[in-house]
Each structure stands twice: as C-alpha cells, then as structure tokens.
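In what follows, a structure is listed as structure tokens, so that the remarks can point back to it.
Residue numbers (my numbering): 1 to 199.
Okay, structure coming up:
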C-alpha cells in the first residue's frame, strides 16, 4: 500500500481549541491510537482520521480529512457524545459508523455512543444518546474504571462458515484493575442502536 511519512511532528493545539468556541477550557488527545477510516470518504483525500478528546465537557471526537493538517468536530461542537466520559477509545464499525467507548468518570462501567452517518463524504450524521454499560444489564462491562482498548475484527463463524465482525474490549475482570480479560460482541456489518453493545 501507499505510505505517508511525516518529517516532523506538528503542533495542533491552536487548531483544536477554536473548534469549541471557548466552551472547552482543557483538553488532550486521549491515550491509545488515532483511528484511520478503512474507506476513502472524499475524492482525492486521504482516508479520514478520528481522534477522541478528553475535555471539561466529557469525551468529544474530532476528525481530519487532510491527514491531520486541519480538524473538525464530529457531529458539531454543540453535541456532547459522552458528557461524563473519559479516556475514550474510537473504532470504525464495518458500515463506517464510529463507536466511542470511554471510561465513566461518575460511575462504574463504560459510556458507549455511536455516530451514525447520513452523508459520510460531508461528515453528516448524528450521535445517539450515550449509554452507560452498567445501567443496562447485570452482566455488562462492570468495574471498568480504567482505560481499556477496543478493536473490531473480521471473523468467520466456524460452525456456519458465515463471515461477520467482532468487537473486542479489554478490561479488568477483578478489582483494583486486576485480571485483565477481553469481552467480545458480534456486530455484523454495523450496530443499529448503541444499547445493543451495553450488555
């Protein structure tokens, strides 16, 4: 494939704060990785980059269509996809929608939200309301007040031969961030409602 090599890092702080028109007073790109889209969403542009931000407004998501030279807020600056979210992770779902998965600042569990595209090339769509995993089931992503990792993998069901996708989430199964394990959930080609992932 094609590879782009950057000669030096670029300072983007002055790009990010103005996106929020003074509403964000502190922010940083959360730990983990920037997510790069698997598809070309705009003609003659690199694949879209997504990054999650930890802010005083909770977890927010920014994106870039020019390999990080300029950024914009996914869903608009007035939307707060996870107001009590921290240490967020992002993955692109197989249908191109974006899953935000973050540690809850105010409770045990994880806040989950999905941005559903209506027009991917123009970055148009909407966030759902965030769902707290521990609110929706007795066997959800409990006791997970730390930073895990989220990954979507293409897989094949060995019994049926059917191809599908799994979402993997690493989290501690024990107290004090011990006994790290992996939760998994089949997501097919996409997820209709974020509540499907909270149990």
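From the three backbone atoms N, C-alpha and C, an ideal C-beta is built for every residue, glycine too.
Just how far apart, CA to CA, sit residue i and residue j?
i, j, result
"residue 89", "residue 38", "17 Å"
"residue 66", "residue 159", "43 Å"
"residue 25", "residue 55", "8 Å"
"residue 170", "residue 150", "7 Å"
"residue 78", "residue 15", "17 Å"
"residue 9", "residue 44", "23 Å"
"residue 17", "residue 97", "25 Å"
"residue 194", "residue 84", "16 Å"
"residue 126", "residue 113", "10 Å"
"residue 69", "residue 12", "8 Å"
"residue 57", "residue 185", "29 Å"
"residue 199", "residue 163", "22 Å"
"residue 105", "residue 31", "16 Å"
"residue 201", "residue 147", "Outside the displayed span of the chain (1 to 199) sits residue 201, for which this structure offers no information."
"residue 46", "residue 173", "39 Å"
"residue 117", "residue 191", "12 Å"
"residue 29", "residue 87", "9 Å"
"residue 82", "residue 111", "7 Å"
"residue 178", "residue 107", "18 Å"
"residue 42", "residue 92", "16 Å"
Give a yes or no on whether the C-beta atoms belonging to residue i and residue j are separated by under 8 Å.
i, j, result
"residue 132", "residue 109", "yes"
"residue 120", "residue 189", "no"
"residue 182", "residue 168", "yes"
"residue 165", "residue 155", "yes"
"residue 100", "residue 61", "yes"
"residue 75", "residue 115", "yes"
"residue 102", "residue 51", "no"
"residue 63", "residue 123", "yes"
"residue 36", "residue 53", "no"
I'd like the span of the beta strand (DSSP E) that includes residue i, first residue to last.
i, result
"residue 172", "163–172"
"residue 64", "58–64"
"residue 55", "49–55"
"residue 185", "180–186"
Under 8 Å between C-beta atoms, does residue i make it to chain B?
i, result
"residue 148", "In the structure shown, chain B cannot be found, because there is only a single protein chain."
Per DSSP, which one or two residues make a beta bridge with residue i?
i, result
"residue 156", "163"
"residue 73", "62"
Go through the segment 82–152 residue by residue and report every complete run of the beta strand (DSSP E) that reaches 3 residues or more, in order. 85–92, 98–104, 110–119, 124–127
Going along the chain, which unbroken runs of the alpha helix (DSSP H) with 4 or more residues stay wholly within the segment 7–40? 13–16
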